[in-house]
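A.B. asks:
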Amino acid sequence: MELLETTLCYLEREGCYLMLHRVKKDKDVNRDKWIGVGGKFEPGETALACAVREVREETGYTMVAPRYRGMVDFYNPPWPAERMHLYTCCEFTGTEHPCDEGELAWVPKEQVPALPVWQGDRIFLELLAQGAPFFHLALYYAGDTLTRAVLDGRELPLPQ
């Protein structure tokens, strides 16, 4: 099965993540959700190049030292299957600008899971908080409901 290749990055500053509240596009699978910044690969682009480009386009920041944290596969018919390459970054330059996909906000890390996020995001946000080594997470959805989560080949209990 071919996967749509995307990136997602959480910029970190003073105990906060830069979050994107997706409120500007009507036909958006992430409509009204809070997510990190990122997007789809362009032809011939690597995961790192995509992450750097998407962060710059969506925020105005240029990542200096991004850290590749894991891969997350999403299955949510009728949307195409997606492989998201997950990054965090504490070192970046530039000046923040408005994003045409939603509203940007610096949110304390411990408050992020309480925002309207995808259920599976709570799993990888916890892995990031724990400093987990590189991981592979597969998330299966029926609409907005997480039905299955598999971390490095092991079934996980679903978050509430």
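Residue numbering for the sequence shown follows numbering that gives the first Met the number 0, starting at 0 and increasing by one per position.
Built from N, CA and C at the ideal position, the CB exists for glycine as well.
Quantities reported herein were computed from a predicted structural model and do not represent experimental measurements.
In terms of residue numbering, what span does the alpha helix (DSSP H) encompassing LEU145 cover?
C.D. replies: Taken as a continuous stretch (DSSP letters only), LEU145 belongs to no alpha helix (DSSP H), being part of the beta strand (DSSP E) at 144-150.
A.B. asks: Taking the straight line between their C-alpha atoms, what separation do you get for TRP105 and LEU17?
C.D. replies: The alpha-carbon atoms of TRP105 and LEU17 are separated by roughly 4 Å.
A.B. asks: Between the stretch 37-44 and the stretch 105-119, can you find at least three pairs of beta-carbon atoms closer than 8 Å?
C.D. replies: No: fewer than three Cβ pairs fall under 8 Å.
A.B. asks: Let me check one thing: in DSSP terms, what residues is TRP105 bridge-paired to?
C.D. replies: TRP105 pairs with LEU17.
A.B. asks: On the criterion of 16 or more Cβ atoms from any shown chain inside 10 Å, does TRP117 qualify as buried, or is it exposed?
C.D. replies: Per the 10 Å Cβ criterion, buried.
A.B. asks: I need the straight-line Cα distance from ARG68 to HIS135, nearest angstrom please.
C.D. replies: Whole-angstrom Cα-Cα distance: 9 Å.
A.B. asks: Under a CB-based cut-off of 8 Å, is CYS98 close to chain C?
C.D. replies: Looking at the structure shown, chain C is missing, and only one protein chain is on hand.
A.B. asks: Is GLY43 helix, strand or coil by DSSP?
C.D. replies: In the structure shown, GLY43 sits in coil (DSSP, three-state: anything other than H, G, I, E or B).
A.B. asks: Would you kindly check if the distance between the Cβ of LEU157 and the Cβ of ALA80 is under 8 Å?
C.D. replies: No, they are not a contact pair.
A.B. asks: What residue range is occupied by the uninterrupted alpha helix (DSSP H) comprising ALA64?
C.D. replies: That residue, ALA64, is in no alpha helix (DSSP H); it is neither H nor E in DSSP.
A.B. asks: Within the same chain, show all residues whose beta-carbon is closer than 8 Å to that of ILE34, passing over the 5 residues directly before and after it, in chain order.
C.D. replies: These residues qualify, in order along the chain: LEU7, MET18, LEU19, ARG21, VAL116, TRP117 and ASP120.
A.B. asks: Assign ALA49 to one of three DSSP states: helix, strand, or coil.
C.D. replies: Inspection of the sequence shows that residue 49 is occupied by Cys rather than by Ala. Helix at CYS49.
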